[in-house]
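Below: one structure, written as structure tokens.
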Amino acid sequence: MTAEPEVASRAETASGVPPHRYTAALAGQIERRWQDHWEAAGTFAVANPGPDAPEPAGEKFYLLDMFPYPSGAGLHVGHPLGFIGTDVLGRFLRMTGRTVLHAMGFDAFGLPAEQYAVQTGTHPRATTEANIARYREQIRQLGLAHDEHRSVSTTDIDFYRWTQWIFLQIHGSWYDAEAARARPITELEEELAAGIRALPDGRDWATLSRPEQDRVLDDHRLAYLADAPVNWCPALGTVLSNEEVTAEGRSERGNFPVFRRNLRQWMMRITAYADRLAADLDGVDWPESVKTMQRNWIGRSQGAQVRFAVDRPDAERSGAAPSAQSIEVFTTRPDTLFGATYLVLAPEHPLVDALTPDAWPSPPTGEELDGRWTGGAATPAEAVAAYRRVVAQRSELERQEARDKTGVFTGAWATNPVNGEPLPVFVADYVLMGYGTGAIMAVPGQDQRDWDFATVFGLPIRRTVQPPAGFEGSGGQAYVGAGPAINSANDEVSLDGLEVDEAKATITTWLAGKGAGEAVVQYKLRDWLFSRQRYWGEPFPVAYAADGETDGGPSIPRALPDADLPVLLPDVEDYAPRTYAPDDAESAPESPLARAREWVRFSEDLPSDPERGFAEYVRETNTMPQWAGSCWYYLRYLDPHNAERFVDPGVERYWLGPRAPGDPGGVDLYVGGVEHAVLHLLYARFWHKVLFDLGHVSSSEPFRRLFNQGYVQAWAYTDARGVYVPAEEVVESADSATGFTWNGEPVRQEYGKMGKSLRNVVTPDEMCEIYGADTFRLYEMSTGPMEASRPWSTRDVVGSHRFLQRVWRLAVDEQTGELRVADVEPDRDTLTALHRAIDGVRTDLPAMHYNTAVAKLIELANHLTKAYPDGGTPRSVIEPLVLMLAPLCPHVAEELWSRLGHPHTLAYEPFPEADPALLVEDTAEYPIQVNGKVRSRITVPATAGQDEVRAAALADPKVVDLLGGAEPRKVIVVPGRLVNVVR
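So the sequence shown is numbered by full-length UniProt numbering: it starts at 1 and just counts up by one.
Printed below as a string of structure tokens:
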């Protein structure tokens with residue numbers, strides 16, 4: 001490409017600025033010109049291997065950013081930190097011979113565009129596409145080397161068609177625990193029909209009606225419908241995620257009451273993969289902190305499942321069938337079972353209603369019922385209902401952190417299997433359905449929460465583990481440590497004197513022999529709630545019989561055929577879900593899609609419903625969560641225009657396939673914020689593993705290597721109300737008690753992550769306008785290690801700009817615009833400085849140590865400025881400097897490369913290599929210790945032997961003075977490091 005002559009602005013020329021100086025205006029001209037050239041030439045496009053294309057030259061490298069949500073505010077300077085970092089690496093890898101795939105797309109479904117639609121009536125697609133266009137402009141302005149032909153958005157119809165297809169693959173699968181993998185549900189049906197696999201309840205498959213068979217299959221599917229506890233906000237008309245609920249149990253948006261209740265929702269059976277999700281972390285190159293967070297979220301723990309038989313005292317007189325039910329409890333401490341004195345169920349536990357009698361029973365122990373247990377209610381049902389209403393308004397976080405223990409007696413009693421003691425069954429908010437079975441055996445002697453509850457309700461406390469000497473003196477406290485078992489024996493088994501591990505094994509074996517329990521592995525991980533009562537999301541590709549099932553049961557979801565995909569979102573007049581009075585906890589969500597009557601109801605002959613034939617169906621009116629598209633977008637980058645498959649198997653194998661036995665495969669480097677360390681990565685891994693099990697991908701993990709970049713932080717300011725004010729409008733004031741004012745009023749300064757909520761945003765557009773994109777890129781990369789959070793200081797950006805001006809002056813005359821380069825041999829010092837810089841930068845860039853690479857380039861530029869103040873910089877030095885600068889500041893590097901006479905882009909030019917001979921130090925410096933303290937330093941030839949070093953040290957004037965003419969007792973020379981003189 002031939003460079004066009006730059007034109008200085010009239011204002012710059014009038015102000016005395018040299019006409020060819022590297023200014024913001026000149027930088028802008030250069031940057032736009034090269035961005036246009038890269039786009040027109042397809043410089044960063046990379047072809048897939050295939051029959052019509054040769055396999056790309058060079059070892060492949062798939063480089064991936066966590067793709068952004070395109071908000072209306074656009075990017076601030078914190079967002080591009082990771083994007084620029086990956087761009088620098090990708091550019092370096094291309095210059096070292098790698099074939100790099102680097103693309104950028106948009107996670108574009110989501111709540112903000114829908115909220116805007118509710119407020120303005122603007123279709124969310126219009127808002128989303130406008131935001132995407134804005135992001136594309138900003139990303140282009142930064143000179144990011146993406147393959148634009150691979151860009152996708154989760155809202156693209158061609159994209160979400162395959163999101164729906166993948167959902168159907170998951171819905172059409174079950175997890176075979178024996179084979180430890182997902183299999184098509186049709187294979188389960190075949191095995192049940194053939195008698196190879198038996199039904200858990202012993203029924204004969206052939207005797208079941210078709211709806212009954214379908215329900216059995218649905219109970220095994222990896223995507224299924226279930227009643228699940230959710231955060232229901234009537235005033236907003238939708239279910240909220242835990243992250244959208246405050247600690248006070250109110251909606252983050254609007255501060256409305258939020259209630260915990262069971263609603264029918266789509267779920268993903270991610271728990272089936274719990275062991276693999278945990279174990280396979282050993283095979284990926286991820287930060288250990290992220291692996292630990294994932295393992296903790298999965299929460300694998302080993303213990304025992306214990307069954308407590310339940311007695312319904314009123315069953316006979318009320319006409320109810322005597323209860324044969326039991327309460328199942330998971331415990332990691334079965335050795336403390338003899339200390340259990342009551343049971344607690346979560347308020348949402350499905351057994352609560354079944355176990356609650358019609359009237360308060362007399363305790364089996366004969367004494368009066370404790371008034372503290374009933375909550376003052378006339379019946380157990382009233383007590384439980386009233387308590388549930390109160391708890392429904394508390395968030396899970398609030399319930400877990402509450403110090404005051406509350407609860408109510410259900411009226412039911414259970415039997416402790418080890419000693420036959422009757423145990424009252426309570427409902428209490430400190431037990432959650434999200435872990436274990438939603439029921440606990442309370443052992444107040446060994447658990448502080450149980451101790452506190454027992455104290456409030458006057459329940460017995462019995463220690464079953466011997467505390468250390470002196471512990472009892474602390475009083476009012478459970479002992480949660482290890483020790484020998486006590487008070488733990490019956491006629492058949494005794495744990496007394498056994499340490500914890502042996503006591504666990506002994507009692508678990510005894511329980512199994514009695515049919516009262518068994519050893520199990522349990523997880524904190526819960527199945528993934530996959531429904532949203534929203535408009536702006538992927539429609540589910542399923543339908544339900546409009547007239548319900550023939551046997552009177554709930555309608556079974558039917559998969560739509562591939563030919564019906566994509567299921568498009570219909571146009572609606574109102575994008576808001578139906579809302580209710582804020583305290584109407586019993587209301588039910590109604591999605592905006594439910595009002596699209598013509599879309600909801602349709603007629604078809606569905607292959608998934610063969611007995612019904614051509615019939616009336618209704619569509620699912622919930623939509624998928626925003627997570628859906630982000631679970632697999634990296635696969636679509638590989639093959640974005642394939643209309644037959646979500647990705648061609650050969651293409652996937654080339655870019656993601658395992659490199660060697662034991663390698664999981666996956667993206668070569670995935671870069672993003674640590675805030676996505678758990679859910680996004682866990683969900684994507686789950687989807688990928690299902691696709692792997694079904695043979696759709698060759699890699700068992702989506703992301704081989706993960707890197708978390710830090711945050712950009714900036715000063716923020718709050719007024720007397722504690723409200724954040726615009727940081728750019730704050731001024732320093734010596735007259736203010738805080739040192740800062742806004743609109744004349746004092747404000748307080750604090751430091752935090754840059755963002756809209758703190759009103760401390762600086763946009764890359766501002767920086768590009770003031771300094772140019774290359775300066776902005778250089779500053780972001782130079783302020784600290786990529787993995788570390790770093791401060792933003794606009795006033796410091798000028799330092800990066802001045803460095804680029806120095807590099808420009810080394811090659812270009814600011815007055816004439818002519819080259820200042822000479823075809824002469826550099827001196828030895830310059831060659832040494834150059835090759836040391838090459839060696840360091842070539843090491844730093846692939847390690848993403850960009851700040852130290854920049855420091856080495858600055859050091860080299862400073863050397864050249866001093867060595868060649870009047871111009872004549874050797875071409876053999878300036879060209880390697882330009883090539884080293886290219887990954888960091890590609891526009892100015894391309895411009896200089898072109899001016900140096902090269903007709904083609906430098907994007908694929910070989911990166912400079914250091915000459916090892918020029919890295920050898922000519923001299924070596926030795927510190928001299930005299931009696932253990934450094935007293936002087938000497939410089940000797942690098943090849944000097946120990947005798948030469950010893951002689952030079954003893955001849956040093958400071959050492960001579962310290963010795964005072966005496967011979968030293970000992971002189972120790974550590975080669976290359978130091979000389980130790982002992983007087």
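Cβ atoms here follow ideal geometry from the backbone N, Cα and C, with glycine treated the same way.
In chain order, what residues of the same chain have a beta carbon less than 7 Å from the beta carbon of residue i, not counting five sequence neighbours either side?
i	result
residue 1033	This structure leaves residue 1033 out entirely; the chain is present only between 1 and 983.
GLU909	MET95, LEU883
VAL960	none
ALA247	SER395, LEU397, GLU398
HIS676	MET66
Considering only their Cβ atoms, is the gap separating residue j from residue i smaller than 7 Å?
i	j	result
TYR535	PRO424	no
LEU263	VAL230	yes
HIS171	ARG221	yes
PRO460	GLY411	no
GLY299	LYS524	yes
VAL443	ALA340	yes
THR741	ARG748	no
THR336	GLN477	no
PRO887	VAL88	yes
PHE44	LEU93	no
Please report the distance separating the alpha-carbon of residue i from that of residue j.
i	j	result
ARG91	ARG150	17 Å
THR437	VAL329	6 Å
THR850	GLY710	Rather than Thr, the amino acid found at residue 850 in this sequence is Tyr. One C-alpha to the other measures close to 13 Å.
PHE83	ALA228	38 Å
VAL567	GLU644	17 Å
ASP813	LEU101	38 Å
ALA315	PRO363	Low local confidence applies: a pLDDT of 42 at ALA315 is under 50, so the model's placement there is unreliable, and no value is given.
GLY817	VAL892	14 Å
SER465	PRO287	Reading the sequence as shown, one finds Val at residue 465 and not Ser. Going from the Cα of VAL465 to the Cα of PRO287 covers about 39 Å.
GLU401	SER241	19 Å
VAL600	VAL46	43 Å
LYS856	GLU652	39 Å
VAL920	LEU860	17 Å
VAL712	THR127	27 Å
LEU432	TRP174	27 Å
GLN815	PHE911	31 Å
Excluding five sequence neighbours on each side, which residues of the same chain lie with their C-beta closer than 6 Å to the C-beta of residue i?
i	result
TRP808	TYR22
VAL7	Here the model assigns VAL7 a pLDDT of 44, short of 50, so the residue's position is not dependable and the matter cannot be decided.
LEU345	VAL352, VAL427, ALA439
ALA952	ILE938, VAL940
TYR683	TRP627, CYS631
PRO826	PRO874, VAL877
ARG33	none
ALA833	LEU860, HIS863
Cutting at 8 Å between CB atoms, please list the residues of its own chain near residue i, excluding the five before and the five after it.
i	result
ARG969	VAL982, ARG983
ALA576	VAL118, GLY237, PRO592
PHE67	MET104, GLY105, PHE106, ASP107, SER630, TYR633
ALA718	The question names Ala, but residue 718 is Thr in the sequence shown. The residues are TYR724, VAL725, VAL747, ARG748, GLU750.
Restricting to runs no shorter than 4 residues, where is the alpha helix (DSSP H) found entirely within the UniProt domain "Methionyl/Leucyl tRNA synthetase" (67-171)? The qualifying runs are 80-95, 111-120, 124-141, 157-171.
Please determine if the segment 374-394 and the segment 269-280 are in contact, where contact requires at least 3 C-beta pairs separated by less than 8 Å. No contact exists between the segment 374-394 and the segment 269-280.
Could you name each continuous beta strand (DSSP E) segment of 3 residues or more that falls completely within the segment 507-590, going from the start of the chain to the end? If we require 3 residues or more, the beta strand (DSSP E) runs fully inside the segment 507-590 come out as 517-522, 542-545.
Ranges of the alpha helix (DSSP H) found wholly within the segment 183-271, counting only runs of at least 4: The segment 183-271 contains these whole alpha helix (DSSP H) runs: 185-194, 210-218.
Runs of beta strand (DSSP E) lying entirely within the segment 702-734, each at least 3 residues, in chain order: Every beta strand (DSSP E) stretch that sits fully inside the segment 702-734 and reaches 3 residues is listed by chain position as 706-708, 712-718.
If we count Cβ pairs, one from each stretch, closer than 8 Å, do we get three or more for the segment 231-239 versus the segment 584-595? Short answer: they touch.
Contact between the segment 715-734 and the segment 208-216 is defined here as three or more beta-carbon pairs at a separation below 8 Å; is this criterion met? Below 8 Å, too few C-beta pairs join the segment 715-734 and the segment 208-216 to call them touching: fewer than three.
Which runs of the beta strand (DSSP E) spanning at least 3 residues fall entirely within the segment 288-355, listed in chain order? For the segment 288-355, whole beta strand (DSSP E) runs of length 3 or above, ordered along the chain, are 301-311, 326-331, 342-345.
Inter-stretch contact (C-beta, 8 Å, three-pair minimum) for the segment 591-606 and the segment 537-547: Touching, yes, given that three or more Cβ pairs across the two stretches are closer than 8 Å.
Whole alpha helix (DSSP H) elements within the segment 758-786, 4-residue minimum: The segment 758-786 is shown to contain whole alpha helix (DSSP H) runs of 4 or more residues at 764-770, 773-782, in chain order.
With a cut-off of 8 Å, do at least 3 Cβ pairs link the segment 133-142 to the segment 772-784? Segments in contact, yes.
Does the segment 631-642 come close enough to the segment 25-39 that 3 or more CB-CB pairs lie under 8 Å? In short, these stretches do not touch, since the Cβ pair count stays below three.
Which residue spans inside the segment 384-461 form an unbroken alpha helix (DSSP H) run of at least 4? With a minimum length of 4 residues, the continuous alpha helix (DSSP H) runs that stay inside the segment 384-461 are 396-401, 448-457.
Residue ranges of each beta strand (DSSP E) within the segment 873-953, 3 or longer: Within the segment 873-953, the complete beta strand (DSSP E) runs of at least 3 residues are 923-930, 933-941.
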